[in-house]
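Peer 1:
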Amino acid sequence: MHRRQFFRAAAALGALSAVEFAPWQAVAAFAREVDDFVRGPAVRDHPLRQVSPHVWMIFSPDGFPTPENQGMMCNLTFIDTVQGLVVVDSGASVQIGEMAIRQIRKQWQKPVVAIINTHYHGDHWLGNHAFVEAYGADLPIYAHPGTIREIAGVQGRLWQTLLEQWTNQATMGTRVVPPRLPLEDGAILRFADVTLRLHHFGKAHTPYDLCVEVVEDKLTCVGDVAMDRRIANMDDGSYLGTLAAYTQLEQRTASRIWLPGHGEPGSGVLQWNRELFEGIYRPCEQAIKDGLPLEEAKALVLRDPRVASRARETKGFETNIGKYVSLAYLEAEAAGF
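For the sequence shown, the numbering used here begins at 1 and goes up steadily by one.
#1: In this structure, how does DSSP classify His124 when only helix, strand and coil are distinguished?
#2: Does the separation of the CB atoms of Ala226 and Tyr246 fall below 9 Å?
#3: With a 10 Å radius around its C-beta and 16 neighbouring C-beta atoms as the bar for buried, classify Gly136 as buried or exposed.
#4: If you reduce the DSSP assignment to three classes, tell me which class Cys221 lands in.
#5: Please report the residue range of the beta strand (DSSP E) in which Ala114 lies.
#6: On the DSSP bridge assignment, give the partners of Ala143 in chain order.
#7: If you compare alpha carbons, which of Leu294, Arg310, Asp304 and Leu300 is closest to Leu327?
#8: Can you round the beta-carbon distance between Leu240 and Gly223 to whole angstroms, since I take them to be within the 8 Å contact cut?
#9: Closer than 6 Å by C-beta to Val88: which residues in its own chain qualify, once you throw out the five before and the five after it? Chain order, please.
#10: When the Cα atoms are used, what is the spatial distance from Glu331 to Pro67?
#11: Just to check my reading of the structure: Arg130 and Ile104 have Cβ atoms closer than 8 Å, yes? What is that Cβ distance to the nearest angstrom?
#12: By the three-class DSSP mapping on this structure, what secondary structure does Gln95 have?
#13: Would the region 135-149 and the region 42-51 be scored as touching if the rule is three or more Cβ pairs under 8 Å?
#14: Three-state secondary structure (DSSP) at Phe78?
#15: Using beta-carbon positions only, say whether Leu259 and Leu219 come within less than 9 Å of one another.
#16: When DSSP labels each residue in this structure, what does Phe191 get in the three-state scheme?
#17: Checking 9 Å against the spacing of the C-beta atoms, do Gly146 and Arg230 come in under that value?
#18: Quick one: give me the first and last residue of the beta strand (DSSP E) that Pro260 is part of.
#19: Could you have a look at Arg230 and say whether DSSP puts it in helix, strand or coil?
#20: Report all residues from its chain with a CB closer than 7 Å to the CB of Met172; omit the five preceding and five following residues, and keep chain order.
#21: Can you grab the Cα-Cα spacing for the pair Arg282 / Arg303, in whole Å?
#22: For Pro265, count neighbouring C-beta atoms within 10 Å of its own C-beta (all shown protein chains included) and say buried if the count is 16 or more, exposed if not.
#23: May I ask whether a heavy atom of the ligand SAM can be found less than 8 Å away from the beta carbon of Tyr135?
#24: Whole alpha helix (DSSP H) runs in the region 241-326 with 4 or more residues, listed along the chain?
#25: Would you mind sorting Ser267 into buried or exposed? The rule is 16 or more other CB atoms within 10 Å of its CB.
#26: Expressed to the nearest angstrom, what Euclidean distance is found between the alpha-carbon atoms of Thr314 and Asp235?
#27: Tell me whether the beta-carbon of Gln155 lies closer than 9 Å to the beta-carbon of Gly202.
#28: So what's Val51 in DSSP terms, helix, strand or just coil?
#29: Would you mind giving the Cβ-Cβ distance between Asp185 and His199, rounded to the nearest angstrom? I have them listed as a contact below 8 Å.
#30: Would you tell me roughly how many angstroms separate the C-alpha atoms of Gly84 and Gln107, rounded to the nearest one?
#31: What did DSSP end up calling Val215 once you bin it into helix, strand or coil?
#32: Since Glu156 is in the alpha helix (DSSP H), which residue starts that stretch and which ends it?
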């Protein structure tokens, strides 16, 4: 048994006699106290980096959660406005959120006035816990209505558990703090000198992704709709929907910088992803038309120059390409009927 798990079990057993006949409210409060007592270690500081006049980020160099990185796998973005800071995605744990708060307090003497969670995968919102502790339970936390439902439902506890497992309990003590305020496609948030326009294009990385356009900076935070040197997880998504989202982003915004949830921001992020996704999906689409099985579709994908040229530089390529081809094949098969 892991040391933290042992202490958690011992604490619970030692106090069991005091709560076994208590009302459920007392039991729930006790459980929260145990969670707060058994917390994972602090996350080392990661520096702030300025991306544009109003946008700063804490860059995450890793693409996947491990015990070594303590779940630090998602970029955290901060939009500096006259009214205060707006956070786009708060990280994968209370510890990561606390690290981010330490960093922004070194840079600014102003509060966080809002959080926007781009979608329901936990590496993008579990850090909400730290921000409501620091700035109050009434801190506005926005998301797409579908994301709010998912986090308040099954996805919240699921991602809390998954991050604990993947990091060997390093994220222990993180509470699920769902977003509360809904944002639909086309919504606008104004913070004195900064205008944020929200975009939702249907099912892309998930059914409920929000992209956050910082109008004055010609920059859009795309969440996980696009990534840099990593294939976006498509278990909940759609290749065709993602490709359509790229076209819509280019047509509906004047952005020159695309800031992804994973990897470096830049002007070429959408194009890099578009070509990779075309290289995965189109051979599968053709294989379905030709009546070829999945294994032959995978061989076609691996030979496609759009995929082959990116294989070496794409994080997790060898371990994940088989799954991503399978998902593309299933989507193409469904689209063919």
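Where a beta carbon is used, it is the ideal one built from N, C-alpha and C, also for glycine. Here the structure is a predicted model, which means the values were calculated and not measured.
Peer 2: Looking at the atomic coordinates:
#1: helix
#2: yes
#3: exposed
#4: strand
#5: Val112 to Ile116
#6: Pro182
#7: Leu294
#8: 18 Å between Cβ atoms; not a contact.
#9: Thr77, Ile116, Val212 and Cys221
#10: 33 Å
#11: One point to set straight first is that residue 130 is Ala, not Arg, in the sequence displayed. Not a contact, Cβ separation roughly 11 Å.
#12: helix
#13: no
#14: strand
#15: yes
#16: strand
#17: no
#18: Ile257 to Pro260
#19: strand
#20: Arg4, Val38, Arg39, Gly40 and Glu164
#21: 12 Å
#22: buried
#23: This structure lacks the ligand SAM, and indeed carries no ligand of any kind.
#24: 269-290, 294-303 and 305-308
#25: exposed
#26: 18 Å
#27: no
#28: coil
#29: 6 Å
#30: 12 Å
#31: helix
#32: The question names Glu, yet the displayed sequence has Gly at residue 156. Looking at the DSSP string, the run of the alpha helix (DSSP H) that includes Gly156 is Val154 to Trp166.
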